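J.:
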Amino acid sequence: MPRFAANLTMMYNEHPFLDRFGAAARDGFKGVEVLFPYAFPAAGLKARLDEHQLTQALFNAPCGDWAAGDRGLASVPGREDEFRRSIDTALEYARVLGNRRLHVMAGLIAADQSRERHREVYLKNLAYAAQAAQADGITVVIEPINTRDMPGFFLNRQDDAQAICAEVGASNLKVQFDCYHCQIVEGDLAVKLRRDMAHIGHIQIAGVPERHEPDIGEINYPYLFELIDSLGYDGWTGCEYRPRAGTSAGLGWLRRWL
Numbered sequence: 408m409p410r411f412a413a414n415l416t417m418m419y420n421e422h423p424f425l426d427r428f429g430a431a432a433r434d435g436f437k438g439v440e441v442l443f444p445y446a447f448p449a450a451g452l453k454a455r456l457d458e459h460q461l462t463q464a465l466f467n468a469p470c471g472d473w474a475a476g477d478r479g480l481a482s483v484p485g486r487e488d489e490f491r492r493s494i495d496t497a498l499e500y501a502r503v504l505g506n507r508r509l510h511v512m513a514g515l516i517a518a519d520q521s522r523e524r525h526r527e528v529y530l531k532n533l534a535y536a537a538q539a540a541q542a543d544g545i546t547v548v549i550e551p552i553n554t555r556d557m558p559g560f561f562l563n564r565q566d567d568a569q570a571i572c573a574e575v576g577a578s579n580l581k582v583q584f585d586c587y588h589c590q591i592v593e594g595d596l597a598v599k600l601r602r603d604m605a606h607i608g609h610i611q612i613a614g615v616p617e618r619h620e621p622d623i624g625e626i627n628y629p630y631l632f633e634l635i636d637s638l639g640y641d642g643w644t645g646c647e648y649r650p651r652a653g654t655s656a657g658l659g660w661l662r663r664w665l
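Using our numbering, you'd call the opening residue of the sequence shown number 408 and step up by one each time.
(1) Tell me whether the beta-carbon of LEU442 lies closer than 8 Å to the beta-carbon of ARG427.
(2) Helix, strand or coil for ALA481, going by three-state DSSP, please let me know.
(3) Among GLU633, LEU658, ARG508, ALA605, which one has its Cα closest to the Cα of GLN569?
(4) Which one of ALA481, TYR628, PRO423, HIS609 has the shortest CA to CA distance from VAL615?
(5) Among LEU425, LEU452, GLY471, ARG491, which has the Cα closest to the Cα of LEU515?
(6) Just verifying my parser: in three-state terms, what is the DSSP assignment at CYS646?
(7) Following the continuous beta strand (DSSP E) through HIS588, name the residue where it begins and the one where it ends.
(8) Considering only the alpha carbon of each residue, which of MET557, VAL575, ASN420, LYS437 lies closest to ASP457?
(9) Less than 8 Å separating the beta-carbons of GLU487 and LEU465?
(10) Looking only at C-alpha atoms, which of HIS525, ARG524, ILE549 sits nearest to ALA536?
(11) Since LEU596 is in the beta strand (DSSP E), which residue starts that stretch and which ends it?
(12) Just the C-alpha distance for GLU394 and ALA413, rounded to the nearest angstrom, thanks.
(13) What is the residue span of the alpha helix (DSSP H) that ARG547 lies within?
(14) In the DSSP assignment, what residue or residues form a beta bridge with LYS437?
(15) According to DSSP, ASN414 sits in a beta bridge with which residue or residues?
(16) Do you know how far the Cα of LEU562 is from the Cα of SER482?
(17) Does DSSP classify VAL582 as helix, strand or coil?
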């Protein structure tokens, strides 16, 4: 049976952020994820988790200046010190929140920049992040993201992400398999899930192409949920989608799985 976590950055936007924890719990969610928790003190977020008996399933390490266009630091040459500080900050939050999955965004690469240089920096930074997270039992995950939504993002394909993890060689470095991004870039989701499941650390879902609820669009999620169960995945499945209207009203798809 899948364990679903509500993404509180994208879902429940009809509520103030701190009220979204309670709204998700009332709808039956047992876990939550967020993109970036750093606008709020960790202790305050922990209190919301405890109040509503929720597990923090995932969040992202700081990505640089999002408003200025940053989409991660891990592969960006010249910002290695900033990347290390971002990991320190993320781990401080993870310890308080009890979070065991940390997503590290790769960042952007311009057309005239060296892909080999970015990859070299990426490997070194991921090795640092994995080693820093290991003492706390935290798994670092990297996510291929489609270039329609995020033009210029360094990591786009599942096979490349798996190769990078293998090259780093850290047992606590895995791939975040976002079905939405994978369908847009590659498709063939079931084959990739079968091929890579042993090295997948987190799964996310959304309808394709609009990124709404997973009961509309070109992906057969009931089939995939059964496949994922049969492959022995016992982690969280993050609902990283933008509701068509009210979040709670759009959760009819979830009822059969609760």
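In this text, a Cβ means the ideal position worked out from N, Cα and C, and glycines have one as well. For clarity, every value in this text was computed on a predicted model and none was experimentally measured.
T.: From the atom records:
(1) no
(2) coil
(3) ALA605
(4) TYR628
(5) GLY471
(6) strand
(7) Segment 586-592 is the alpha helix (DSSP H) holding HIS588; no beta strand (DSSP E) there.
(8) LYS437
(9) no
(10) ILE549
(11) Careful: LEU596 lies outside any beta strand (DSSP E), inside the alpha helix (DSSP H) at 596-603.
(12) Residue numbering for the chain in the displayed model covers 408 to 665; residue 394 lies beyond these limits and cannot be assessed.
(13) Looking at the sequence provided, one finds Val at residue 547 rather than Arg. Element bounds for VAL547: not the alpha helix (DSSP H) but the beta strand (DSSP E), 546-549.
(14) For LYS437, which the question treats as bridged, DSSP gives no partner whatsoever.
(15) GLU440
(16) 9 Å
(17) strand
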